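Enquirer: Sequences listed follow chains E and W, in order.
The first sequence: position 33 = 58 (the working numbering), numbered continuously.
The second sequence: position 101 = 119 (the working numbering), numbered continuously.
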Amino acid sequence: NAGVTQTPKFQVLKTGQSMTLQCAQDMNHNSMYWYRQDPGMGLRLIYYSASEGTTDKGEVPNGYNVSRLNKREFSLRLESAAPSQTSVYFCASRGLAGGLTGTDTQYFGPGTRLTVL
Amino acid sequence: AQSVTQLDSHVSVSEGTPVLLRCNYSSSYSPSLFWYVQHPNKGLQLLLKYTSAATLVKGINGFEAEFKKSETSFHLTKPSAHMSDAAEYFCVVSGGGGSQGNLIFGKGTKLSVKP
Numbered sequence: 026n027a028g029v030t031q032t033p034k035f036q037v038l039k040t041g042q043s044m045t046l047q048c049a050q051d052m053n054h055n056s057m058y059w060y061r062q063d064p065g066m067g068l069r070l071i072y073y074s075a076s077e078g079t080t081d082k083g084e085v086p087n088g089y090n091v092s093r094l095n096k097r098e099f100s101l102r103l104e105s106a107a108p109s110q111t112s113v114y115f116c117a118s119r120g121l122a123g124g125l126t127g128t129d130t131q132y133f134g135p136g137t138r139l140t141v142l
Numbered sequence: 019a020q021s022v023t024q025l026d027s028h029v030s031v032s033e034g035t036p037v038l039l040r041c042n043y044s045s046s047y048s049p050s051l052f053w054y055v056q057h058p059n060k061g062l063q064l065l066l067k068y069t070s071a072a073t074l075v076k077g078i079n080g081f082e083a084e085f086k087k088s089e090t091s092f093h094l095t096k097p098s099a100h101m102s103d104a105a106e107y108f109c110v111v112s113g114g115g116g117s118q119g120n121l122i123f124g125k126g127t128k129l130s131v132k133p
């Protein structure tokens with residue numbers, strides 16, 4: 026049981042290049058999320074997918090697109106990378122944990138460290 | 019709308035002394051609250067979560083947090099710091115109200131532990 030996996034772990038791009046960050050979860054969760062983490066900013070939500078076939082914008086969606094390929098996989102695409110997109114990107118999935126009151130929990134992947142030159 | 023404020027960006031303690039990381043929240047709904055920990059160059063790990071079942075929540079590695087509705091606080095404590103506790107800690111509130119469980123993160127508190 027790997028949980029949430031992300032590839033690649035590190036990436037360096039030049040301005041204007043494109044790339045796709047991959048995320049997969051094996052916990053049979055319906056909801057998946059993409060966040061970016063910048064120093065002193067905490068994590069900010071880019072996009073999320075409440076279920077297979079649906080996606081919605083989060084707090085900072087500009088410059089990104091997403092695809093919920095199936096229940097397991099949720100990818101994040103940068104069409105034309107900019108230096109402002111230098112960040113650490115985290116994928117998460119959400120499932121019920123400890124189920125007494127239905128409070129659910131997000132489980133995070135290890136992150137992708139992206140540098141745009 | 020929900021929001022969370024971590025009152026200290028950096029806390030430094032000596033090994034063996036108590037830890038207090040402060041968090042205040044704002045929520046229009048009965049909130050779900052979490053503390054996550056991030057060790058250097060690692061992902062985020064859930065420390066503990068608040069459900070309405072109990073106001074004092076025990077988590078992993080000896081941490082606990084108390085939900086105080088009257089003070090809108092959810093401070094994280096540990097009686098005795100260990101060197102391995104050095105990390106960044108995030109207080110988090112769940113969006114609730116149909117937001118698909120979206121999490122709203124505080125800006126983090128970096129905990130340093132001196133020998």
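Every residue, glycine too, gets a C-beta built ideally from N, C-alpha and C.
All values reported here derive from a predicted model rather than from experimental measurement.
Against chain E, which members of the region 33-64 of chain W pass a CB distance test of less than 9 Å?
Expert: Result list: S50, F52, Y54, Q56, N59, K60, G61, L62, Q63 and L64.
Enquirer: G127 (chain E) to G65 (chain E), Cα distance in whole Å?
Expert: Against the first sequence, residue 127 (chain E) aligns to sequence position 102. Against the first sequence, residue 65 (chain E) aligns to sequence position 40. The pLDDT assigned to G127 (chain E) is 45, lower than 50, so where the model puts this residue is not dependable; a value taken from the coordinates is nonetheless given after this. C-alpha separation (whole angstroms): 31 Å.
Enquirer: To the nearest whole angstrom, what separates the beta carbons of S105 (chain E) and R93 (chain E), a pair I think is in contact under 8 Å?
Expert: Position 80 of the first sequence, counting from 1, holds the residue named residue 105 (chain E). Position 68 of the first sequence, counting from 1, holds the residue named residue 93 (chain E). Not really, about 22 Å apart at Cβ, beyond 8 Å.
Enquirer: Between which two residues does the beta strand (DSSP E) containing S32 (chain W) stretch?
Expert: Within the second sequence, residue 32 (chain W) is the residue found at index 14, counting from 1. H28 to S32 is the span of the beta strand (DSSP E), which, as asked, contains S32 (chain W).
Enquirer: Taking all protein chains shown into account, do 16 or more other C-beta atoms lie within 10 angstroms of the C-beta of D103 (chain W), making it buried, or fewer, making it exposed?
Expert: For the purposes of this step, residue 103 (chain W) is taken as residue 85 along the second sequence, with counting starting at 1. Buried, because 16 or more other Cβ atoms sit within 10 Å of the Cβ of D103 (chain W).
Enquirer: Suppose the cutoff is 8 Å on Cβ atoms and the five residues either side in sequence are ignored; what does the same chain contact list for P49 (chain W) look like?
Expert: For the purposes of this step, residue 49 (chain W) is identified with residue 31 of the second sequence, where counting begins at 1. Counting only Cβ-Cβ distances below 8 Å, and skipping sequence neighbours, we find Q20, Y43, Y68, V111, S112 and G114.
Enquirer: Can you tell me whether G124 (chain E) is buried or exposed? The criterion is at least 16 other CB atoms within 10 Å of its CB, across all chains shown.
Expert: Within the first sequence, residue 124 (chain E) is the residue found at index 99, counting from 1. Legend: pLDDT at G124 (chain E) = 45, less than 50; position of this residue unreliable, value from coordinates given subsequently. By the 10 Å Cβ count, G124 (chain E) comes out exposed.
Enquirer: Counting only Cβ pairs nearer than 7 Å, list the residues of chain W close to T130 (chain E).
Expert: The count along the first sequence starts at 1 and reaches residue 130 (chain E) at position 105. Chain W residues near T130 (chain E): L64 and K67.
Enquirer: Against G78 (chain E), what residues of chain W qualify as contacts under a CB-to-CB distance less than 9 Å, listed in chain order?
Expert: Taking the first sequence and counting its residues from 1, one reaches residue 78 (chain E) at position 53. Chain W residues near G78 (chain E): none, gap ~14 Å exceeds 9 Å.
Enquirer: What ranges does the beta strand (DSSP E) occupy inside the region 57-137 of chain E, keeping only unbroken runs of at least 3 residues that lie completely in it?
Expert: Listed in chain order, they are 68-74, 89-93, 99-103, 112-121 and 129-133.
Enquirer: With 8 Å as the threshold, decide whether the Cβ of N120 (chain W) is near any Cβ in chain E.
Expert: To locate residue 120 (chain W), count along the second sequence from 1; it is residue 102. Taking Cβ atoms only, chain E reaches closer than 8 Å to N120 (chain W), which makes this a yes.
Enquirer: Excluding five sequence neighbours on each side, which residues of the same chain lie with their C-beta closer than 7 Å to the C-beta of L65 (chain W)?
Expert: If you number the second sequence from 1, residue 65 (chain W) lands on position 47. Excluding positions up to five away in sequence, the list reads W53, Y54, V55, G77, I78 and F81.
Enquirer: Mark T127 (chain W) as exposed unless 16 or more other C-beta atoms lie within 10 angstroms of its C-beta, in which case mark it buried.
Expert: Along the second sequence, one-based indexing puts residue 127 (chain W) at 109. The residue is buried, with at least 16 neighbouring Cβ atoms inside 10 Å.
Enquirer: Chain W beta carbons: is any one of them nearer than 8 Å to that of Y114 (chain E)?
Expert: For this step, residue 114 (chain E) is matched to residue 89 along the first sequence. Not closer than 8 Å to any Cβ of chain W, the Cβ of Y114 (chain E) fails to qualify, so no.
Enquirer: Roughly how far, in whole angstroms, is the beta-carbon of S100 (chain E) from the beta-carbon of L139 (chain E), given that I think they are within contact range, below 8 Å?
Expert: Taking the first sequence and counting its residues from 1, one reaches residue 100 (chain E) at position 75. Taking the first sequence and counting its residues from 1, one reaches residue 139 (chain E) at position 114. With 8 Å as the limit, S100 (chain E) and L139 (chain E) do not qualify as a contact, their Cβ atoms being about 14 Å apart.
Enquirer: Kindly identify the DSSP beta-bridge partner or partners of N55 (chain E).
Expert: Looking up residue 55 (chain E) in the first sequence gives position 30. According to DSSP, which records beta bridges pairwise, N55 (chain E) is partnered with nothing at all.
Enquirer: Give me the Cα-Cα distance between R102 (chain E) and S43 (chain E), rounded to the nearest whole angstrom.
Expert: Along the first sequence, one-based indexing puts residue 102 (chain E) at 77. Along the first sequence, one-based indexing puts residue 43 (chain E) at 18. Going by the C-alpha atoms only, they are around 7 Å apart.
Enquirer: State yes or no: is the beta carbon of L125 (chain E) nearer than 8 Å to at least one beta carbon in chain W?
Expert: The sequence position of residue 125 (chain E) within the first sequence is 100, counting from 1. Low local confidence applies: a pLDDT of 41 at L125 (chain E) is under 50, so the model's placement there is unreliable, and no value is given.
Enquirer: Alpha carbon to alpha carbon, what distance is there between Q63 (chain W) and S118 (chain E)?
Expert: Looking up residue 118 (chain E) in the first sequence gives position 93. Looking up residue 63 (chain W) in the second sequence gives position 45. Their backbone Cα atoms lie some 13 Å apart in a straight line.
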